[in-house]
Structures are given as structure tokens and as C-alpha cells.
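Numbering (full-length UniProt numbering), first residue to last: 1 to 302.
Beta carbons: idealized from backbone N, C-alpha and C, even for Gly.
These notes are about the structure you will find just below.
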């Protein structure tokens, strides 16, 4: 079937139902009536000879065919959007656009303050939404335009995803100010004598520092495993436990606790931080502006 015989608005409806999981919410999102959304869905069902969505309780669950076409549909819609936006000049001073940025929670405290300070100064009506997106979904979300950019460690993504190095970070160790065993310096033997906090969102598994220790046949004792560095820093300030973490975040989170920040007593690979975006917005004026703001904010934070 030739594309000229297909109403492309149907695919906007398809994406809205897929994203919202509900005809009611899709109608609210698109500012259309529920009968109009249902009519569009019926036309799509006839076009593909597939139900596309099946109702399970209050949720519209996509069929295998719908799951197989959602990524190319989103990429195509994003391509149209970029083409249309490319015909318009992006003016940060007057724009009311809201950008979506994928950002691990470990980076939020160090990235967001300088970035938002720049955005607030240069673009008073521009908004910023930060999200934590699974790394497996990162490429498809960038391609679909549901994400404008992402900041993360080095990831194995396709050539369609562009990247640039934003910053490098080192690993440090935190112990409380008056720790009885640590007085301004920490060697490897002293590190291994301490009890440790491991910060991770995973239920189990070693950290990067544990891999480096294991290369030498060494192992530390983890006494506490928790989810967030703020809680870990506070625990360090009130116990004799040690915390190993990225230096950039340590200097932000530790400001109110005054723990000692010491070099990790073993050679560790640097923690490289990258900015990612999709090739289809390489020359998009709004995306170029956002990437520039992120780069300058990171430079200012160093």
C-alpha cells in the first residue's frame, strides 16, 4: 500500500495508546474525544489486519505485532517532528519547550544544579525533565524522541547514537573525620582492615572496586549495602564504616558531613561520563542548544 493512501495521523494515535495504555488517557493527551480515538484504532486494525491492542482490565495491552512496529513508528514520527522543527528557528529566550534528559540518580546532584542555573538564565521558560531509563531502552527512546539526550558511562550503542565525552571522574574513599584508624592517608592494607558500605540499586553483586580487588586475590568486608550515596555518607559520618564512590559526587554530597575524602589506594580506571543523542537531531537547533548547555555546565562544575 502506498503511503499516500494512509492517514499518518493514525500512527500518532497508535503511539499515544501504546504510551498511555488507555484509550481514555490517549484521548486526554491528544485533546480528542474517546470515540475519535476508537475510530482511529479501528482503522489501524483494518490496515494491519490485527487487533494491535487487547483490553485486560483497564489496560490496553499491545499485541506482538504492535510491539514489533512501535520503534519504527516512533522513529518515523520523530523524523517528521525534526523536519518540521528544523524549518523553525529555535529561540531559547522565548521557547517554552520541555526537554527530557536520561540521567542516573548518581549524577543528578552534580549535573543538575549547574545545568539548571544556565537554563534558567538563558531560557527562562524552558523546562527540563530528568528520567532514569533502563540502558536497554535508551537507544529506542532517543530514536523515538521521548528522550532528547542522555548522560551515562560508556555504553555499547549503535552508530545511530552519537556521543561525546563530558568528564572523567576518579574513585575516592570516605571515612568520618575522627576515624580511629584513618588519619589523612589510607593505604591498601588499611583499606582492607575497614568495614565497608556498598551503594547500589541492585540487590546483590560486587562493585567496580571489588573487581579491581579480586584481580589481586583480595576481598573487602561489606557490612552495609544501601541504595543512595546521601544515606551512605551520613552513615559514614556516624560510624567507622568506609564508603567508596565517585569523587565528583562525593564533593557534593559530603559537604554537610565533613567526612575525610581520600584517594582509592589502588589503581582504578577513570569513570568516564558521556553525553548521548540520536543522529536524527545532529543538526536540530534545539538539540544543539541543549547539548551546548550540558557541556558548558559540566565544564563549570569542574
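Buried or exposed for residue i, please, with buried defined as at least 16 other CB atoms from any protein chain shown within 10 angstroms of its CB.
i           : result
residue 143 : buried
residue 322 : This structure cannot settle anything about residue 322, because the visible part of the chain is limited to 1 through 302.
residue 145 : buried
residue 54  : exposed
residue 254 : buried
residue 297 : buried
residue 59  : exposed
residue 153 : exposed
residue 6   : exposed
residue 8   : exposed
residue 293 : buried
residue 36  : exposed
residue 244 : buried
residue 260 : buried
residue 52  : buried
Relative to the C-alpha of residue i, which residue among the options is closest?
i           : options               : result
residue 247 : 283, 214 and 173      : 173
residue 74  : 10, 242 and 268       : 10
residue 194 : 70, 239 and 119       : 239
residue 281 : 274, 57 and 290       : 290
residue 157 : 278, 183, 28 and 16   : 278
residue 62  : 7, 93, 17 and 159     : 17
residue 170 : 176, 208, 160 and 77  : 208
residue 258 : 175, 28, 284 and 271  : 175
residue 93  : 294, 286, 300 and 295 : 286
residue 163 : 42, 36, 130 and 295   : 295
residue 300 : 128, 111 and 47       : 111
residue 50  : 57, 56 and 41         : 41
residue 251 : 201, 109, 160 and 202 : 109
residue 77  : 224, 233 and 13       : 13
residue 184 : 256, 263 and 47       : 263
residue 249 : 210, 106, 114 and 181 : 106
residue 178 : 268, 237, 20 and 133  : 237
residue 283 : 72, 45, 89 and 47     : 89
Please report the residue range of the alpha helix (DSSP H) in which residue i lies.
i           : result
residue 190 : 188-193
residue 34  : 34-48
residue 327 : Since the first residue of the chain shown is 1 and the last is 302, residue 327 is not available in this structure.
residue 24  : 23-30
residue 121 : 105-122
residue 238 : 229-238
residue 252 : 247-253
Kindly indicate the opening and closing residues of the beta strand (DSSP E) around residue i.
i           : result
residue 142 : Run containing residue 142: none in the beta strand (DSSP E); it sits in the alpha helix (DSSP H), 138-144.
residue 269 : Counting along the chain, residue 269 falls outside any beta strand (DSSP E), and DSSP gives it neither H nor E.
residue 12  : Premise fails: residue 12 lies in the alpha helix (DSSP H), 9-20, not in any beta strand (DSSP E).
residue 97  : It is not in any beta strand (DSSP E) - residue 97 carries neither H nor E in the DSSP assignment.
residue 150 : 149-152
residue 169 : 161-169
residue 224 : 221-226
residue 215 : Looking at the DSSP string, residue 215 is not in any beta strand (DSSP E); the run it does join, the alpha helix (DSSP H), is 208-215.
residue 63  : Here residue 63 belongs to no beta strand (DSSP E), and DSSP marks it neither H nor E.
residue 129 : 127-131
residue 262 : 260-263
Using C-beta distances below 6 Å, list every residue in its chain close to residue i, excluding the 5 sequence neighbours before and after it, in chain order.
i           : result
residue 191 : 265
residue 196 : 220, 222 and 242
residue 103 : 130 and 151
residue 30  : 16
Using a Cβ-Cβ cutoff of less than 8 Å, which residues in the same chain neighbour residue i once the five nearest sequence positions on both sides are dropped?
i           : result
residue 120 : none
residue 34  : 23, 24 and 27
residue 125 : 94, 95 and 96
residue 81  : 145
Apart from the five residues on each side of it in sequence, which residues of its chain come closer than 7 Å, Cβ to Cβ, to residue i?
i           : result
residue 165 : 272 and 274
residue 224 : 197, 235 and 241
Flag residue i as yes when its Cβ comes closer than 7 Å to any non-hydrogen atom of the ligand SAM, and as no otherwise.
i           : result
residue 199 : Judged by which ligands are present, the structure shown has none, so any question about the ligand SAM falls away.
(request) Say whether the segment 211-220 touches the segment 132-141, bearing in mind that this needs 3 or more beta-carbon pairs closer than 8 Å, one atom from each stretch. (result) no
(message) Any contact between the segment 92-101 and the segment 66-73? By contact I mean 3 or more CB pairs, one from each, below 8 Å.
(response) no
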